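Peer 1: Sharing a structure here in structure tokens format.
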Amino acid sequence: MHRENRLVTINKLVKKFDISGGFLDQLKFENKKIVRKKTFVHAVNDVSFTVNKGEILSVVGESGCGKSTLARVVMGLYKPWSGEIFYKDKRIDNLDNSQMLSYRKKMQMIFQDPYASLNPRMTVKKTLEEPLRFHEPSISNSEIEEKVMYVMEQVGVNPNWANRYPHEFSGGQRQRVSIARALMVDPEFIVADEPISALDVSIQAQILNLLMDARDNFGLTYMLITHDLSVVEHISTRVCVMYLGTVCEIAPVKNIFSNPLHPYTSALLSAIPKPGAKKKEHIKLKGEVPTPIVLPTGCVFHTRCLYADERCRQEIPKPMSYDNGQSYVACHGVEEKRI
Amino acid sequence: MMEHLLEVNNLEVKFKLRTGGLTAIDKVGFTLDKGERLGIVGESGAGKSVTGFSIINLISKPGYISDGEIIFEGKDLTRVSEDVLRHIRGNRISMIFQDPMMTLNPVFTIGEQMAETILAHKNISRKDALEISVEKLRQVHIPSPETRLNQYPHEFSGGMRQRIVIAIALLLDPAIIIADEPTTALDVTIQAEIMELLLELCEKNETGLILITHDLGVVSQVTEKIAVMYAGRIVEIGSTENIVANPLHPYTRGLIKALPGSRGTGEKLYQIPGSMPNLTEMPKGCAFHPRCELAEGECFTTVPELMQRGNFRRLAACHKV
Numbered sequence: 015m016h017r018e019n020r021l022v023t024i025n026k027l028v029k030k031f032d033i034s035g036g037f038l039d040q041l042k043f044e045n046k047k048i049v050r051k052k053t054f055v056h057a058v059n060d061v062s063f064t065v066n067k068g069e070i071l072s073v074v075g076e077s078g079c080g081k082s083t084l085a086r087v088v089m090g091l092y093k094p095w096s097g098e099i100f101y102k103d104k105r106i107d108n109l110d111n112s113q114m115l116s117y118r119k120k121m122q123m124i125f126q127d128p129y130a131s132l133n134p135r136m137t138v139k140k141t142l143e144e145p146l147r148f149h150e151p152s153i154s155n156s157e158i159e160e161k162v163m164y165v166m167e168q169v170g171v172n173p174n175w176a177n178r179y180p181h182e183f184s185g186g187q188r189q190r191v192s193i194a195r196a197l198m199v200d201p202e203f204i205v206a207d208e209p210i211s212a213l214d215v216s217i218q219a220q221i222l223n224l225l226m227d228a229r230d231n232f233g234l235t236y237m238l239i240t241h242d243l244s245v246v247e248h249i250s251t252r253v254c255v256m257y258l259g260t261v262c263e264i265a266p267v268k269n270i271f272s273n274p275l276h277p278y279t280s281a282l283l284s285a286i287p288k289p290g291a292k293k294k295e296h297i298k299l300k301g302e303v304p305t306p307i308v309l310p311t312g313c314v315f316h317t318r319c320l321y322a323d324e325r326c327r328q329e330i331p332k333p334m335s336y337d338n339g340q341s342y343v344a345c346h347g348v349e350e351k352r353i
Numbered sequence: 361m362m363e364h365l366l367e368v369n370n371l372e373v374k375f376k377l378r379t380g381g382l383t384a385i386d387k388v389g390f391t392l393d394k395g396e397r398l399g400i401v402g403e404s405g406a407g408k409s410v411t412g413f414s415i416i417n418l419i420s421k422p423g424y425i426s427d428g429e430i431i432f433e434g435k436d437l438t439r440v441s442e443d444v445l446r447h448i449r450g451n452r453i454s455m456i457f458q459d460p461m462m463t464l465n466p467v468f469t470i471g472e473q474m475a476e477t478i479l480a481h482k483n484i485s486r487k488d489a490l491e492i493s494v495e496k497l498r499q500v501h502i503p504s505p506e507t508r509l510n511q512y513p514h515e516f517s518g519g520m521r522q523r524i525v526i527a528i529a530l531l532l533d534p535a536i537i538i539a540d541e542p543t544t545a546l547d548v549t550i551q552a553e554i555m556e557l558l559l560e561l562c563e564k565n566e567t568g569l570i571l572i573t574h575d576l577g578v579v580s581q582v583t584e585k586i587a588v589m590y591a592g593r594i595v596e597i598g599s600t601e602n603i604v605a606n607p608l609h610p611y612t613r614g615l616i617k618a619l620p621g622s623r624g625t626g627e628k629l630y631q632i633p634g635s636m637p638n639l640t641e642m643p644k645g646c647a648f649h650p651r652c653e654l655a656e657g658e659c660f661t662t663v664p665e666l667m668q669r670g671n672f673r674r675l676a677a678c679h680k681v
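Chain order of the listed sequences is A and B.
Counting in our numbering, the first sequence runs from 15 upward without gaps.
Counting in our numbering, the second sequence runs from 361 upward without gaps.
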């Protein structure tokens, strides 16, 4: 990919959460000595990738794999433990709050639950005005009004309802309002964290269509966090598969669905039930996802992988490029061509 | 004609509200044969859970069954006494709920909870009851069930908990299992495992299954029959294969067309406009008409009957089929 096409670049990003509690909780008795030990949840481990302009990059994985944490670190809602985040060519993870402001305007987020993410005591109009007033204090009231009406129309909410409160709207309408709020400040990059999973089936298609329309009309780039693989297949240009805080595979959507390389990707894909399709044998994984507090040695997936050998148990696999540099896969088995 | 294992006719459930009555489900009817698997699909608020609950009369106040009959093993469950019902619940008809953490009691061990269920219905010793429990845990592939029996629910992962709930549902070899969104709280890979297990056990024991879900994908892989519900009514019922391949009712058709993956990547998805009406403000005529492209004439005035339409071997409630 050309350098100028890069919008957001993430380099060796690590996020840990300290869950060791107070000083006394950290003391452990070991070998007849009292030692102070910290406990961490390893939510994101050494993740690197690039989001290119105009694409929809989907991050998929089971719950607890760190995809939402990743989204929040990229947005600057959590400070990374180590690693770098670049917006275009500017490093943004080490900026202070005031320097970060102009980037906050360019990067917006849509949350999962439209019941929780809208303030129940603010009318839709107030909710939509707030980001604009904050980021562009000089703008006049009539201009703001115009913008609110325009954006509401764009997302398919009747502008006459601007003075209503969130509880007067259905779930789908609320999600439209939260998309509208993200669009108010003309962002370039939108992180959508499970934007449709709280919605009813007949509403999901409406919101997906809206997201695709908004991309075309506003020239947006998305990072979409989801666990729904059929949505991913439909909407994304590239897919990033995560397991236990680590990226297993990043590849264009066609390659992932026609020829998944990483054994976890194959297992995940074989688990989606599709109406109409004859029941296919799904690849059964051994056991369950280990805890992110004590990560397995070597490849994080080795405890459940059908192809794991000694090397997988010892050595952490590095992402290698395949398919003419379009895909990146971190797997010893794929590298040794035994899978 | 062979007698059905379960026959629901004209079932109507109402809720008494301060503002007046509300019909949660209206004229719902279906049958289930021995070992048959029926899926009830619909959006939240369509009345699918209420249908499931009403079979064993678990509707709590202010709701009540106002009309219809539920015939199971020769008895009408809407008319029998609470004692008889108690003997059927958990014994002949058992239920699996959505969230296994809510279903299991956190302060009792798995073994105690399992033995309790058996002892409530069978006159056997506690030791025998625990033995049956171990056997059932083994059937749902819980490793080392003897030690696991003495553990508490929080010591199990989500997938394991749901398996335990399935094991409890199977304890007394019921004739029917009603599963209300059994995999919605679980991850995709675990979901596939649980569904496979449920399917395998139902097939082996010839247990009837009523699977309540909003996920058409799951339903189409597990069930033989589908009932699609909308705003408290069944709008289409028939064999899974037929409904998925060739849906008749515009709502079913819309649902299937709206699934991502039904069109080429990146293309716009088919969308059903609007959302389901509030049950207190039901539109006149067909409840779906405000969202329907085909609505005209009698759709606005008369509620369509659920009946066989044309030469199709299934029932649909739509004037335009």
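Glycine included, every Cβ here is placed at the ideal spot set by N, Cα and C.
All values reported here derive from a predicted model rather than from experimental measurement.
With burial defined as no fewer than 16 other Cβ atoms inside 10 Å of the residue's Cβ, what is the status of residue 306/A: buried or exposed?
Peer 2: Numbered from its first residue, the first sequence carries residue 306/A at position 292. With a threshold of 16 other beta carbon atoms within 10 Å, residue 306/A meets it and is buried.
Peer 1: Under the assumption that residue 674/B contacts residue 597/B (Cβ atoms under 8 Å), give the Cβ distance between them as a whole number of angstroms.
Peer 2: Here the question's residue 674/B lines up with position 314 in the second sequence. Here the question's residue 597/B lines up with position 237 in the second sequence. Rounded, the Cβ-Cβ distance is 6 Å, consistent with contact.
Peer 1: Below 8 Å, can you find three or more Cβ-Cβ pairs linking the segment 584-597 of chain B to the segment 637-656 of chain B?
Peer 2: yes
Peer 1: What is the residue span of the alpha helix (DSSP H) that residue 188/A lies within?
Peer 2: For this step, residue 188/A is matched to residue 174 along the first sequence. From DSSP, the alpha helix (DSSP H) with residue 188/A extends over 185-197.
Peer 1: Using CA coordinates, which residue listed in 278/A, 202/A, 102/A is at the minimum distance from residue 19/A?
Peer 2: To locate residue 19/A, count along the first sequence from 1; it is residue 5. The candidate whose alpha carbon is nearest that of residue 19/A is 102/A.
Peer 1: If we call anything under 8 Å between Cβ atoms a contact, is residue 513/B one with residue 466/B?
Peer 2: Within the second sequence, numbered from 1, the residue matching residue 513/B stands at position 153. Within the second sequence, numbered from 1, the residue matching residue 466/B stands at position 106. Taking 8 Å as the Cβ cut-off, residue 513/B and residue 466/B qualify as a contacting pair.
Peer 1: So residue 370/B and residue 399/B are supposed to be a Cβ contact under 8 Å. How far apart are they, rounded?
Peer 2: As a working mapping, residue 370/B is identified with position 10 in the second sequence. As a working mapping, residue 399/B is identified with position 39 in the second sequence. With a Cβ gap of about 21 Å, residue 370/B and residue 399/B do not count as contacting.
Peer 1: Quick one, which of 477/B, 490/B, 454/B, 587/B has its alpha-carbon nearest residue 537/B's?
Peer 2: Locating residue 537/B in the second sequence gives position 177, counting from the first residue. The option with the nearest alpha carbon to residue 537/B is 454/B.
Peer 1: What's the call for residue 495/B, buried or exposed, on a 16-neighbour Cβ count within 10 Å?
Peer 2: By one-based count along the second sequence, residue 495/B stands at place 135. With fewer than 16 other Cβ atoms within 10 Å, it is exposed.
Peer 1: Taking C-beta to C-beta, are residue 508/B and residue 478/B nearer than 8 Å?
Peer 2: Within the second sequence, numbered from 1, the residue matching residue 508/B stands at position 148. Within the second sequence, numbered from 1, the residue matching residue 478/B stands at position 118. In this structure, residue 478/B does not lie closer than 8 Å to residue 508/B by Cβ.
Peer 1: Between the C-alpha atoms of residue 530/B and residue 417/B, what's the straight-line distance to the nearest angstrom?
Peer 2: The residue you call residue 530/B lines up with position 170 of the second sequence. The residue you call residue 417/B lines up with position 57 of the second sequence. Computed Cα separation, rounded: 20 Å.
Peer 1: Find the residues of chain B that neighbour residue 223/A, judging by a C-beta separation of less than 8 Å, and give them in chain order.
Peer 2: The sequence position of residue 223/A within the first sequence is 209, counting from 1. 628, 629, 631, listed in chain order.
Peer 1: Reducing DSSP to helix, strand and coil, say where residue 56/A ends up.
Peer 2: The residue labelled residue 56/A in the question sits at position 42 within the first sequence. Of the three classes helix, strand and coil, the one that applies to residue 56/A here is strand, per DSSP.
Peer 1: I think residue 728/B touches residue 610/B, with their Cβ atoms under 8 Å apart; what is that distance to the nearest whole Å?
Peer 2: Absent from the model: residue 728/B. The displayed extent of chain B is 361 to 681, so no value can be given.
Peer 1: Is the CB of residue 385/B under 8 Å away from at least one CB in chain A?
Peer 2: In the second sequence, the residue the question calls residue 385/B occupies position 25. For residue 385/B, no Cβ of chain A is located within less than 8 Å of the residue's own Cβ.
Peer 1: Does the beta-carbon distance from residue 283/A to residue 348/A come in below 8 Å?
Peer 2: Mapped onto the first sequence, residue 283/A falls at position 269. Mapped onto the first sequence, residue 348/A falls at position 334. Against a cut-off of 8 Å, the Cβ pair of residue 348/A and residue 283/A comes out as no contact.
Peer 1: Here's a check: name, in chain order, each residue in its chain whose Cβ is nearer than 8 Å to the Cβ of residue 15/A, leaving out the five neighbours to either side.
Peer 2: Walking along the first sequence from the start, residue 15/A turns up at place 1. For residue 15/A, the predicted structure reports a pLDDT of 48, less than 50, and the residue's modelled location is therefore unreliable. The matter cannot be settled from this model.
Peer 1: Taking contact to mean at least 3 C-beta pairs separated by less than 8 Å, is the segment 372-391 of chain B in contact with the segment 332-343 of chain A?
Peer 2: no
Peer 1: If you measure between the beta carbons of residue 58/A and residue 104/A, is that distance less than 8 Å?
Peer 2: Taking the first residue of the first sequence as position 1, residue 58/A is located at position 44. Taking the first residue of the first sequence as position 1, residue 104/A is located at position 90. No, they are not a contact pair.
Peer 1: Per DSSP, what are the beta-bridge partners of residue 435/B in this structure?
Peer 2: For the purposes of this step, residue 435/B is taken as residue 75 along the second sequence, with counting starting at 1. In DSSP, residue 435/B forms a bridge with 432/B.
Peer 1: Does the beta carbon of residue 459/B come closer than 8 Å to any beta carbon on chain A?
Peer 2: Mapped onto the second sequence, residue 459/B falls at position 99. So no, residue 459/B is outside the interface.
Peer 1: Can you give, in chain order, each stretch of the beta strand (DSSP E) that sits fully within the segment 51-127 of chain A and has at least 3 residues?
Peer 2: 54-66, 70-74, 96-101, 121-124
Peer 1: At a cut of 8 Å, does the segment 403-419 of chain B reach the segment 428-444 of chain B through at least three beta carbon pairs?
Peer 2: yes
Peer 1: Candidates 193/A, 32/A, 249/A: which alpha carbon is nearest residue 68/A's?
Peer 2: The residue you call residue 68/A lines up with position 54 of the first sequence. Minimum Cα distance to residue 68/A is reached at 249/A.
Peer 1: Taking 8 Å as the threshold (beta carbon to beta carbon), is residue 620/B in contact with chain A?
Peer 2: Here residue 620/B refers to the residue found at position 260 of the second sequence. Output row for residue 620/B: interface = yes.
Peer 1: Of the residues that make up the segment 632-654 of chain B, which ones have a beta carbon closer than 7 Å to any beta carbon in chain A?
Peer 2: Identification of residues in the segment 632-654 of chain B having a C-beta nearer than 7 Å to some C-beta of chain A yields 632, 635, given in sequence order.
Peer 1: What number of angstroms, rounded off, separates the C-alpha of residue 615/B from the C-alpha of residue 316/A?
Peer 2: On the second sequence, position 255 is the one that residue 615/B refers to. On the first sequence, position 302 is the one that residue 316/A refers to. Straight-line Cα distance between these residues: approximately 39 Å.
Peer 1: In this structure, how does DSSP classify residue 262/A when only helix, strand and coil are distinguished?
Peer 2: Indexing the first sequence from 1 puts residue 262/A at position 248. In this structure, residue 262/A counts as strand in the three-state DSSP scheme.
Peer 1: List the residues of chain B whose Cβ lies closer than 8 Å to the Cβ of residue 299/A, in chain order.
Peer 2: What you label residue 299/A is simply residue 285 of the first sequence in a count that begins at 1. In chain order: 549.
Peer 1: Just to confirm before moving on: does the CB-CB distance between residue 325/A and residue 311/A stay below 8 Å?
Peer 2: Within the first sequence, residue 325/A is the residue found at index 311, counting from 1. Within the first sequence, residue 311/A is the residue found at index 297, counting from 1. No Cβ-Cβ contact shorter than 8 Å links residue 325/A with residue 311/A.
Peer 1: What residues in the segment 160-180 of chain A have a beta carbon less than 7 Å from any beta carbon of chain B?
Peer 2: none
Peer 1: May I have the straight-line CA-CA distance separating residue 232/A from residue 162/A, to the nearest angstrom?
Peer 2: Sequence index remark: in the first sequence, residue 232/A carries index 218 (1-based). Sequence index remark: in the first sequence, residue 162/A carries index 148 (1-based). A direct Cα-to-Cα measurement between residue 232/A and residue 162/A gives close to 15 Å.
Peer 1: At 4 residues or longer, what runs of the alpha helix (DSSP H) sit wholly inside the segment 577-609 of chain B?
Peer 2: 600-605
Peer 1: Flag this pair as touching only if the segment 199-215 of chain A and the segment 234-251 of chain A have three or more C-beta atom pairs under 8 Å; answer yes or no.
Peer 2: These segments touch.
Peer 1: The alpha helix (DSSP H) that contains residue 519/B, what's its start and end?
Peer 2: The residue given as residue 519/B occupies position 159 in the second sequence. First-last of the alpha helix (DSSP H) with residue 519/B: 518-530.
Peer 1: Establish whether the CB of residue 244/A and some CB of chain B are separated by less than 8 Å.
Peer 2: Numbered from 1 along the first sequence, position 230 holds the residue referred to as residue 244/A. At a cut-off of 8 Å between beta-carbon atoms, residue 244/A makes contact with chain B.
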